[in-house]
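Q:
2 protein chains.
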Amino acid sequence: MSDLLTKATAAKEARTALASSTTDEKNDALERIAVQLAVDETSILEANSLDLEEGQRQGMSESLQDRLRLTSDRLKEMSSALRELKQLADPIGEEMTTWKRPNGLSIQQVRVPIGVIGMVYEARPNVTIDASSLCLKTGNAVLLRGSSTAIHSNRALVKSIQTALKASALPEGAVQLLEDTSRETAAKMFKLNSHLDVLIPRGSAALIQAVLEQSTVPVLETGAGNCHVFIDSSAQKDMAIAIAVNAKTQRPSVCNAAETLLVHKDWSANYLKALLDDLTANGVEIRGDASIVSFYEEAIPAEEDDWATEYNDLIVTVKMVSDVQEAIAHINTYGTTHSEAIVSETTEHVTSFFQEVDAAALYHNASTRFTDGFEFGFGAEIGISTQKLHARGPMGLLALTSSKYLIEGTGQIKG
Amino acid sequence: MSDLLTKATAAKEARTALASSTTDEKNDALERIAVQLAVDETSILEANSLDLEEGQRQGMSESLQDRLRLTSDRLKEMSSALRELKQLADPIGEEMTTWKRPNGLSIQQVRVPIGVIGMVYEARPNVTIDASSLCLKTGNAVLLRGSSTAIHSNRALVKSIQTALKASALPEGAVQLLEDTSRETAAKMFKLNSHLDVLIPRGSAALIQAVLEQSTVPVLETGAGNCHVFIDSSAQKDMAIAIAVNAKTQRPSVCNAAETLLVHKDWSANYLKALLDDLTANGVEIRGDASIVSFYEEAIPAEEDDWATEYNDLIVTVKMVSDVQEAIAHINTYGTTHSEAIVSETTEHVTSFFQEVDAAALYHNASTRFTDGFEFGFGAEIGISTQKLHARGPMGLLALTSSKYLIEGTGQIKG
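As given, the protein sequences belong to chains A and B, one line each in that order.
According to UniProt numbering, the first sequence holds residues 1 to 415 in order.
According to UniProt numbering, the second sequence holds residues 1 to 415 in order.
(1) Could you tell me which uninterrupted beta strand (DSSP E) segments, each at least 3 residues in length, are contained entirely in the segment 19-104 of chain A, listed from first to last along the chain?
(2) Alpha carbon to alpha carbon, how far is B:Ala341 from B:Ala244? Give it in angstroms, no decimals.
(3) Locate the beta strand (DSSP E) running through B:Lys319, then write down its first and last residues.
(4) Which term fits B:Gly223, buried or exposed, when burial requires 16 or more other beta carbons within 10 angstroms of its beta carbon?
(5) Which residues of chain A have a Cβ atom closer than 8 Å to the Cβ of B:Thr280, listed in chain order?
(6) Using the beta-carbon of each residue, which ones in chain A are nearer than 8 Å to B:Val198?
(7) Helix or strand or just coil, what does DSSP make of B:Tyr334?
(8) Within the same chain, show all residues whose beta-carbon is closer than 8 Å to that of B:Ser160, passing over the 5 residues directly before and after it, in chain order.
(9) Grouping DSSP H, G and I as helix and E and B as strand, with all else coil, what is B:Asn365?
(10) When the Cα atoms are used, what is the spatial distance from A:Cys135 to A:Leu400?
(11) Would you mind telling me which residues of chain A sit closer than 9 Å to B:Gly377, beta carbon to beta carbon, in chain order?
(12) Under 9 Å, Cβ to Cβ, is there at least one residue of chain B near A:Arg251?
(13) Which residues in the same chain have their Cβ closer than 6 Å to the Cβ of A:His349, if we skip the five residues on either side of it in sequence?
(14) Please specify which runs of the beta strand (DSSP E), each continuous and at least 3 residues long, are wholly inside the segment 257-292 of chain A, giving them in chain order.
(15) So, for B:Leu220: in the same chain, excluding its five sequence neighbours on each side, which residues have a beta-carbon less than 6 Å away from its beta-carbon?
(16) Which chain B residues sit within Cβ distance under 9 Å of A:Pro171?
(17) Between the segment 328-356 of chain A and chain B, which residues of the former have CB atoms less than 7 Å from a CB of the latter, in chain order?
(18) Output the residue ranges of the alpha helix (DSSP H) runs that lie fully inside the segment 95-149 of chain A and measure 4 residues or longer, sorted by chain position.
(19) Whole angstroms is fine: what's the gap from residue 473 of chain B's alpha carbon to B:Thr128's?
(20) Note the first and the last residue of the continuous beta strand (DSSP E) segment covering A:Glu408.
(21) Show which residues of chain B have a CB atom less than 7 Å away from the CB atom of A:Lys414.
(22) For chain A, find out if any of its Cβ atoms is closer than 9 Å to the Cβ of B:His264; answer yes or no.
(23) Give me the chain A residues within the contact set of B:Tyr363, using Cβ-Cβ distance strictly less than 7 Å, ordered along the chain.
(24) Mind pulling the chain B residues with CB within less than 8 Å of A:Pro218?
(25) Taking only three categories from DSSP, how would you classify A:Ala187?
(26) Using only CA atoms, which one of B:Ile92, B:Arg15, B:Leu50, B:Gly104 lies nearest to A:Tyr363?
(27) Is the shortest distance between the beta-carbon of A:Lys404 and the beta-carbons of chain B less than 9 Å?
(28) Evaluate the contact criterion for the segment 189-196 of chain B versus the segment 117-124 of chain B: three or more CB pairs, one atom per stretch, below 8 Å.
(29) Looking at the structure shown, is B:Glu172 part of a helix, part of a strand, or coil, going by DSSP?
(30) Nearest to A:Arg4 by alpha carbon, out of A:Ala47, A:Leu398, A:Arg183, A:Pro218?
(31) Listed from N- to C-terminal order along the chain, which residues in the segment 15-27 of chain B have their beta-carbon within a distance smaller than 8 Å of any beta-carbon of chain A?
(32) Alpha carbon to alpha carbon, what distance is there between B:Val217 and A:Ile114?
(33) Which one or two residues does DSSP pair with A:Met395 in a beta bridge?
(34) Across which residues does DSSP place B:Thr222 in a beta bridge pair?
(35) Can you round the beta-carbon distance between A:Asn256 and A:Thr337 to whole angstroms, since I take them to be within the 8 Å contact cut?
(36) Quick one: measure Cβ to Cβ for B:Gln176 and B:Ala11, integer angstroms, because I've assumed they're closer than 8 Å.
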């Protein structure tokens, strides 16, 4: 059997025992993994060195090397995260709803694991531990497909996980690593509906697009964020400036950072200069529409493409708008349905914005930067879904669950 | 612009107004469609005749012609279904959950439409009305891609819908029909992520497989049902026989009909003959494992493929098993995670079966035939999902909804 089929079959076989495991058994396994990472520190760091050396030989960029690098501190952070995960409520087994039918059938919907999850990611070995632990906590088996450039690190980490699982009550086969990291095998994995219930790609837009293009297995999509802040005519000056600057600059590389500011013309008449000065002082390059460019010397003209671009950088597009409807129309045209904010003191404008903007998270008088599983209080995050099915917005443990109906009868047959 | 892009854009443009429409406006539109179908009866039936004549010229089978055929009575049934749909609760706008974060942010999750739904189906014009009305009730725009063999019927039905919408408060563009029914255009539609939020294929396994293979748009999959009835050693004789015969014979062509019976050897010792005689008397062909074939003259040997086959016909495979664990293992190997039943008086066996069998609906002492949106009391059915994401089992109106988070702040920024 191929590496893919061997590993996928092992994961699938672990699924039934995993689904029946208790919360205590799952938490015990997480604790054992946390301990094992410390026990195996030397061999994990040695394996990681092999990947880093190979990366340097291949001319891997400094930032990619940093993502690939494991250290004693980073291993300790992984163990801490595992122990925090233990504290979270176990969603599996929850009785979601129960009702009785006129024919006497009693129908109960209960929360269950999804089954077998295929995780596809790049050269970030921390995802190996993160994804495995979230899957185990929710009773799911996982087939990991990491990057070839992290294969030694991933192999060492999965060895620690499997050592810990062997000593636990959970099936050892619950976490599987694909050793064959070829594109051909990945393409087969994406179509392995017989073994995998869902694929979760984590990484660049190109990776996610490749999985979407090739897969027949359902995909839990986490996507791009072209987020906007709309400053209404009634917005408080200081609040609006603080939110816009925070959304743009607090961490420009992430998906919930703002890329475009939409500024009401009346507010602009008084405060636009203060806003643009503050952005400029924070090192932000301003690309504006005609009104902005003519008003502000440092601004350069925005091209059509700019409005649709997720810069992930200290660049912002600024557009002057006449009313909330123009702002909504712009967002629904160029946005990626991720996170959108309105700063306003006018209730009916907020209502329209909340009603009509199509996005996972809508903010009134707050920064878009709060779209995050931890900021939402979920205690864990699988990613931020920009699709409409299954889960939308920040995904916590519930996103890794499904349900089944249990029906109790007394001999009912269909007439 | 191509027919596909024109129609998809029109649907997308209708989405915002639709999402904001009230329950009364949506119900009024459904009533107007019900009325319009009666007004347009002559032209609809004429259009349908064109499709039927063409079908006959092409040698279309009688059963396909029957699915394609519209009659005055069938149009009246469509109008009745539209009026029943009016009575159902509108799920849109429901406040699903609200909580407050330590930083003062108030987060509310509300139920919203999915957006634009692509419906892909075969030569059954009733799906045109059924799918459109379910989408409208849930505030979704819909792009219909029916079969070329039903194009005149679909065009007439959509004309009636659009006439009704024009007189209603809903946007007229909410329901769009692809006139171009080529495979090339379908392939483009399946990848139109910029306009479509979800694809729902309704029809044969081949159709569903084609959509899954080609799509990058998320698919709401409704699948095959290879369902089992396990008769435990403690099962009551009459109840077990009644459930097995009902699950197999009451309507063998549907996905929730049973295809395999797993019979405990101790129960078999007393009652197997009565069961097999009853099935035979109901015209069922019996294919058995070695024990069954040696016991029952009329039984023919089952091949390996039989255990994985959804016959949709009066054929059943029968296997003798030693215990509930063997039954569970068989179902988890050959089943399609649709509907599975245990007939038993032994509580711990029922518990194991409910816990360990991986399926959308599990029955204790009832027929598998109840897996159905109407039998579950949903009042409507989009289909029966056999996937784990978004919706599992019978899908009612909720399956056509998503959610968004509305976050109220007082100037919060991320530190």
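For every residue, glycine included, the Cβ atom is placed at its ideal position computed from N, Cα and C.
A: Reading off the structure:
(1) Scanning the segment 19-104 of chain A from its first residue to its last, the whole beta strand (DSSP E) runs of 3-plus residues come out as 95-100.
(2) Distance between the alpha carbons of B:Ala244 and B:Ala341 is about 9 Å.
(3) First-last of the beta strand (DSSP E) with B:Lys319: 315-321.
(4) By the 10 Å Cβ count, B:Gly223 comes out buried.
(5) For a Cβ distance threshold of 8 Å, nothing in chain A lies close to B:Thr280: the least Cβ distance comes to about 19 Å.
(6) Result: Lys388, Leu389.
(7) Helix at B:Tyr334.
(8) Closer than 8 Å at Cβ, skipping near neighbours: Ile33, Gln36, Leu37, Val39, Asp40, Ile44.
(9) In the structure shown, B:Asn365 falls within a strand segment according to DSSP collapsed to helix, strand and coil.
(10) In this structure, the alpha-carbon of A:Cys135 lies about 7 Å from that of A:Leu400.
(11) Under the 9 Å cutoff, chain A gives Trp99, Arg101, Pro102, Ile107.
(12) Any Cβ of chain B closer than 9 Å to the Cβ of A:Arg251 would place that residue at the interface, and such an atom is present.
(13) Only Asp232, Val324 meet the Cβ criterion.
(14) Fully enclosed beta strand (DSSP E) runs of no fewer than 3 residues occupy 258-264, 285-288 of the segment 257-292 of chain A, in order along the chain.
(15) Within the same chain, B:Leu220 has close Cβ partners Val198, Ile200.
(16) Neighbourhood of A:Pro171 in chain B, by CB distance below 9 Å: empty, with the nearest CB roughly 13 Å away.
(17) Hits within the stretch, in order: Asn332, Phe354, Gln355, Glu356.
(18) Runs of the alpha helix (DSSP H) spanning 4 or more residues and lying entirely within the segment 95-149 of chain A occur at 126-137, in chain order.
(19) Only positions 1 to 415 of chain B appear in the structure, and residue 473 of chain B is not among them; the question remains open.
(20) Looking at the DSSP string, the run of the beta strand (DSSP E) that includes A:Glu408 is 401-412.
(21) Those are Asn246, Gln250, Ser367, Arg369, Phe370, listed as they occur along chain B.
(22) The beta carbon of B:His264 sits no closer than 9 Å to any beta carbon of chain A.
(23) Those are Ile407, Gly409, listed as they occur along chain A.
(24) Neighbours of A:Pro218 on chain B, chain order: Pro218, Val219, Glu221, Gln387, Lys388, Leu389.
(25) DSSP, read as helix, strand or coil, puts A:Ala187 in helix.
(26) Nearest of B:Ile92, B:Arg15, B:Leu50, B:Gly104 to A:Tyr363, Cα basis: B:Gly104.
(27) With its beta carbon less than 9 Å from one in chain B, A:Lys404 belongs to the interface.
(28) Contact annotation: the segment 189-196 of chain B touches the segment 117-124 of chain B, with at least three C-beta pairs closer than 8 Å.
(29) Annotated three-state conformation of B:Glu172 is helix, per DSSP.
(30) Reading off the sequence shown, one finds Leu at residue 4 of chain A, where the question assumed Arg. Sorting A:Ala47, A:Leu398, A:Arg183, A:Pro218 by C-alpha distance to the C-alpha of A:Leu4 places A:Arg183 at the top.
(31) For the segment 15-27 of chain B, the residues whose beta carbon sits under 8 Å from a beta carbon of chain A are, in order, Arg15, Thr16, Ala19, Ser20.
(32) Cα-Cα distance, rounded: 21 Å.
(33) Per DSSP, A:Gly383.
(34) When DSSP reads this structure, B:Thr222 sits in a beta bridge with B:Ser385.
(35) The Cβ separation is near 13 Å, so there is no contact.
(36) The Cβ separation is near 5 Å, so the contact holds.
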